[in-house]
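In what follows, a structure is listed as structure tokens, so that the remarks can point back to it.
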Amino acid sequence: MENVALRPVTGLFGRIGHTSETVARHLGQMAVLIWGVGKSLLRGRVALHDVATQLQQIGIGSLPLTAVTAILSGVVTAQQGGYQFTSSIPLYVLGSVVASSVVLELGPVMTSFVVIGRVGARITAELGTMKVSEQIDALQSLGRDPVAVLAAPRIIACTIAMPLLVGLANLIGIIAGVIAARFTVGLGPESFLYGARMFWHSWDLLYSIMKGLVFGFVIPLISVHMGFETRGGAEGVGRATTSAVVFMIITVLVLDAVFPPLFLN
Numbered sequence: 001m002e003n004v005a006l007r008p009v010t011g012l013f014g015r016i017g018h019t020s021e022t023v024a025r026h027l028g029q030m031a032v033l034i035w036g037v038g039k040s041l042l043r044g045r046v047a048l049h050d051v052a053t054q055l056q057q058i059g060i061g062s063l064p065l066t067a068v069t070a071i072l073s074g075v076v077t078a079q080q081g082g083y084q085f086t087s088s089i090p091l092y093v094l095g096s097v098v099a100s101s102v103v104l105e106l107g108p109v110m111t112s113f114v115v116i117g118r119v120g121a122r123i124t125a126e127l128g129t130m131k132v133s134e135q136i137d138a139l140q141s142l143g144r145d146p147v148a149v150l151a152a153p154r155i156i157a158c159t160i161a162m163p164l165l166v167g168l169a170n171l172i173g174i175i176a177g178v179i180a181a182r183f184t185v186g187l188g189p190e191s192f193l194y195g196a197r198m199f200w201h202s203w204d205l206l207y208s209i210m211k212g213l214v215f216g217f218v219i220p221l222i223s224v225h226m227g228f229e230t231r232g233g234a235e236g237v238g239r240a241t242t243s244a245v246v247f248m249i250i251t252v253l254v255l256d257a258v259f260p261p262l263f264l265n
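Here the working numbering is used: the first residue of the sequence shown is 1, the next is one more, and so on.
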């Protein structure tokens, strides 16, 4: 009877232990990957042509979807802010609400989701397919380092491109908010910008770019790691891609929750 009663408890601790072991293993492997990328970069083994190719695919390729997401973020924020304001609150404060929301939160986070869906999933599927088809093993047999050839260009390019995409998303989101506020609540651009400047801090833009830099490093790191760890043929590629997207989203949200107490206090 005692064993039956304790079975759920032991099962719970077993699952916790298994999950902790899996997380620790992934973190250790990603730390080794970071070390390998750093060594490849310092030794000059990363081809600039590969980095430029990835910059074009990640940065320029993500511009249209990033712009659409930023426009919708600015429009929705302006519409909801105007709806919730009452006559006791000056309408120009809407400019501060939209600018702060877009720059501090929506710009970096929504852009990271765009990059996760468009770039992170592609990297995992691409490298996972190379792994299960033994193309990565072939590289190693030829004396080529997969980290320097495949991982480093993608991580470096995304780390460079992401802050630029975030800055562009911030600008587009605020412009969209100005236009939406004009047609939604009749707030003119001068009043909107007056409210935005009144509560603006120069640190806000740096904070937003810092988010983009961190997200731009973490997203390709997880996707490359999951691609290298793919097993089990085509089905394994699908599982690895799905797991990578879930891990990237959770990691971005956790980091987003950590940023305010670290940098806004």
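Note that the Cβ used here is the ideal one computed from N, Cα and C, for glycine as well.
Given the structure is predicted, the values throughout are model-derived calculations rather than measurements.
Hey, residue 155 and residue 254 are a contact pair by Cβ (cut 8 Å); roughly how many whole angstroms apart?
-> Approximately 19 Å separates the beta-carbon atoms of residue 155 and residue 254; this is outside 8 Å, ruling out the contact.
Where are the alpha helix (DSSP H) runs, 4 residues long or more, that stay fully inside the segment 138–210, in chain order?
-> 152–184 and 189–198, all fully within the segment 138–210.
Evaluate contact between the segment 237–251 and the segment 115–123, counting only Cβ atoms and requiring at least three cross-stretch pairs below 8 Å.
-> yes
Heavy atom of the ligand FMN less than 7 Å from the Cβ of residue 23, yes or no?
-> No copy of the ligand FMN occurs in the structure displayed, which carries no ligand at all.
Count the other C-beta atoms from every protein chain shown that fall within 10 angstroms of the C-beta of residue 195, then say buried if there are 16 or more, exposed otherwise.
-> Buried.
Length of the line joining the Cα atoms of residue 197 and residue 27 = 42 Å
Are residue 161 and residue 59 touching if we call contact CB-CB under 8 Å?
-> yes
Can you tell me which of the three DSSP states residue 47 falls into?
-> coil
Indicate the three-state DSSP secondary structure (helix, strand or coil) for residue 92 in the structure shown.
-> coil
Report the residue from 8, 234 and 264 whose alpha carbon sits nearest the alpha carbon of residue 127.
-> 234
Alpha-carbon to alpha-carbon, residue 85 and residue 92 = Approximately 10 Å between the Cα atoms of the pair.
Classify residue 228 as helix, strand or coil using the three-state DSSP reduction.
-> helix
If you draw a straight line from the C-alpha of residue 32 to the C-alpha of residue 132, how long is it?
-> 21 Å
Locate the alpha helix (DSSP H) running through residue 259, then write down its first and last residues.
-> 233–263
Counting only the same chain and skipping the five closest in sequence on each side, list residues whose C-beta sits under 7 Å from that of residue 164.
-> 59
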